[in-house]
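The block underneath contains the structure these notes are about, expressed in structure tokens.
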Amino acid sequence: MKLRIFHLIAIVILVLSILSCEASAAAGIPYITYNYDYWGDVYYTPAAYVPSGNLSGDSLGVGAFKSPQDLYVAEDGRVYIADTGNNRIVVLDASLKVERIISEFTNQGSVDTFSAPTGVFVTNRNEIYIADTGNFRVVALTEEGLLHRIIENPTSEVLDDDFVFAPLKVAVDYADRVYVVSKNMFQGIMAFDEKGDFTGFTGTIKVTITLYEKIWRRLSTKAQRQRQVKFIPTEFTNVDIAPDGFVYATNYDPDGKQSVRRLNPRGQDIIKKKKDGSLSGDLYWRLGREYSGPSRIIDVVYRGKGIYSILDMTRGRIFTYDHEGNLLYIFGGKGSQTGTFKNPTAIDMKDRKILVLDSHTNEIVTFESTEYGRLIDEAVSLRFEGDEASAVELWKKIIQWDSNFELAYSGIGKAYLAAGENKTAMEYLKLGMDKEYYSIAYKRYRDEILKENLGTILTLLVLVVLALLVRSAVMRHRKKEAVDVE
1485 MKLRIFHLIA IVILVLSILS CEASAAAGIP YITYNYDYWG DVYYTPAAYV
1535 PSGNLSGDSL GVGAFKSPQD LYVAEDGRVY IADTGNNRIV VLDASLKVER
1585 IISEFTNQGS VDTFSAPTGV FVTNRNEIYI ADTGNFRVVA LTEEGLLHRI
1635 IENPTSEVLD DDFVFAPLKV AVDYADRVYV VSKNMFQGIM AFDEKGDFTG
1685 FTGTIKVTIT LYEKIWRRLS TKAQRQRQVK FIPTEFTNVD IAPDGFVYAT
1735 NYDPDGKQSV RRLNPRGQDI IKKKKDGSLS GDLYWRLGRE YSGPSRIIDV
1785 VYRGKGIYSI LDMTRGRIFT YDHEGNLLYI FGGKGSQTGT FKNPTAIDMK
1835 DRKILVLDSH TNEIVTFEST EYGRLIDEAV SLRFEGDEAS AVELWKKIIQ
1885 WDSNFELAYS GIGKAYLAAG ENKTAMEYLK LGMDKEYYSI AYKRYRDEIL
1935 KENLGTILTL LVLVVLALLV RSAVMRHRKK EAVDVE
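Mapping of the sequence shown onto this note's numbering: residues 1485 to 1970, in sequence order.
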């Protein structure tokens, strides 16, 4: 019986998936757009972002990109592309036109070049930091292309004697602290001070070992232990810096639980996550028929107002979350149509557009928000600022687009709760499956009812007490009469 039910559910999901694909194709969108409800079930949604074009080296007039691995949008709107296979950094102006190509610089009087640069970052002073992987160093240039400094060959007691510094990604905060994701480095993100000196690791992910594994390791032989999987920390894949200096970092998580972290200056992860929720893309290891295994998150972009998007290399999807860990929307996919990817490697935000770099097609794919996506972004931004009341009308419009969007009901409920309309708040919070705030609204509504009816309740209590006293007096009187008759 259970097997039949499982097959029926699988058939229903398959049919819905096919219908959704047909609907998306009819709308000119080459991917499925969906989300997860409170119970973890998939439901299909309007598209929050749609393809708006692509850029290639040929279309820009600089020759084809070759396996580009990173891109970065600076504060002034310039776009920097790490064109890895061509050993160069391509710089686009705010209008996405080629401004210049950086392929060499002067180092101690001689011309120096890059070797397979895989990461690029630009500070608010327009200093360009390049993860020059093939040359085992980080190169920092001024806006004019002059050498600012080089970070290479870090030494420390915590580094193995045979450690090879091969930087993959780089980011710099407002205090000129440099964060580097290095190849085959599992201890965490490497941190360097403003002088370029290695200061240690940040964001180290602790690996938990089950009781069974502990017992097995204690009882097993040396040969058996050598055949076991080594318990090493998770490897980071990319890093971004928020304006407040907090580090957003992505990591590979084989369990599909948490692939993005928000690190404070002490290296502690303080990102908010829903109870029993995931910050790792798809909840299911096999969503769809073509890919198995959890999402492999390889990049993150902090978009402001607590909103951030992460990029899944496995399925080519972009997942966007708010500051409370709520999954807002999902879009993107693998394929050959415009708006899909072969091998996505980097993501960033320019104005209101999302840019994704594909190292296989050697293109930048751009996406622009729909009305549905714009409403969500604006409502979440207002909520982040604590202005729940102003977000109500936006949430109501979102529900017209997507009646299953639980966060919208929760947002409306919180606004009514703040306004003291507890009964209405309860209705919306229930629809939003927000147990925490529903409990608060329920208690306030209960106290409100008690307060409004306190006079009536006290009157009834007095009447009940008087009735009991009268009854008691009557009973005593009857007993006394019975004794007198005897």
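Even glycine gets a Cβ: it sits at the ideal position worked out from N, Cα and C.
Could you please give the first and the last residue of the uninterrupted alpha helix (DSSP H) stretch that includes Tyr1533?
No alpha helix (DSSP H) holds Tyr1533; the beta strand (DSSP E) holding it covers 1533 to 1540.
For Lys1758 and Tyr1527, I'd like the C-alpha separation in whole angstroms.
Approximately 19 Å between the Cα atoms of the pair.
Helix, strand or coil, according to DSSP, for Leu1767 in the structure here?
Coil, per DSSP.
In angstroms with no decimal places, state the Cα-to-Cα distance between Tyr1609 and Lys1690.
The question names Tyr, but residue 1609 is Arg in the sequence shown. Cα-Cα distance, rounded: 35 Å.
What does DSSP give as the partner residues of Met1674 in its beta bridges?
Paired residues: Val1664, Phe1685.
Please report how far the alpha carbon of Leu1480 lies from the alpha carbon of Ser1923, in whole angstroms.
Summary: the structure shown does not reach residue 1480, with the chain confined to residues 1485 through 1970, and so no result is reported for it.
Specify the secondary structure class of Ala1615 as computed by DSSP and reduced to three states.
Collapsing the DSSP output to three states places Ala1615 in a strand.
Expressed to the nearest angstrom, what Euclidean distance is found between the alpha-carbon atoms of Asp1560 and Asn1906?
In a straight line, the C-alpha of Asp1560 is about 46 Å away from that of Asn1906.
Helix or strand or just coil, what does DSSP make of Phe1803?
Under the three-state reduction of DSSP, Phe1803 is assigned to strand.
Please classify Lys1963 as buried or exposed, where buried requires at least 16 neighbouring CB atoms within 10 angstroms.
Exposed, because fewer than 16 other Cβ atoms sit within 10 Å of the Cβ of Lys1963.
For Tyr1929, which residues of its own chain have a beta-carbon under 7 Å away from its beta-carbon, when the five flanking residues on both sides are left out?
In chain order, Asn1906, Lys1907, Met1910 place their CB closer than 7 Å to the CB of Tyr1929, counting only its own chain and leaving out the 5 sequence neighbours on each side.
Skipping 5 residues on each side, what residues in its chain have a beta carbon closer than 7 Å to that of Thr1626?
Hits under 7 Å: Glu1611, His1632.
Run of the alpha helix (DSSP H) containing Thr1734, from where it starts to where it stops
Following the DSSP letters along the chain, one finds Thr1734 in no alpha helix (DSSP H) but inside the beta strand (DSSP E) bounded by residues 1731 to 1735.
In the stretch 1584 to 1638, which residue ranges form an unbroken beta strand (DSSP E) of at least 3 residues, counting only runs that do not cross its ends?
Fully enclosed beta strand (DSSP E) runs of 3 or longer: 1588 to 1591, 1594 to 1597, 1603 to 1606, 1612 to 1616, 1621 to 1625, 1631 to 1636.
Hey, how far is the Cα of Glu1862 from the Cα of Trp1879?
The alpha-carbon separation between Glu1862 and Trp1879 amounts to approximately 10 Å.
According to DSSP, Phe1984 sits in a beta bridge with which residue or residues?
Coverage of the chain is limited to positions 1485 through 1970, which leaves residue 1984 absent and any answer about it impossible.
Does DSSP classify Thr1721 as helix, strand or coil?
Thr1721: strand per DSSP, three-state reduction.
Quick test of your reading: Ala1566 and Leu1580, contact by CB under 8 Å. State the CB separation rounded to the nearest angstrom.
17 Å between Cβ atoms; not a contact.
Would you kindly check if the distance between the Cβ of Tyr1663 and the Cβ of Ala1655 is under 8 Å?
Yes, the Cβ-Cβ distance between Ala1655 and Tyr1663 is below 8 Å.
Between which two residues does the beta strand (DSSP E) harbouring Gly1788 extend?
Note, Gly1788: beta strand (DSSP E), 1781 to 1788.
Can you grab the Cα-Cα spacing for the pair Thr1686 / Gly1672, in whole Å?
Cα to Cα, Thr1686 sits roughly 6 Å from Gly1672.
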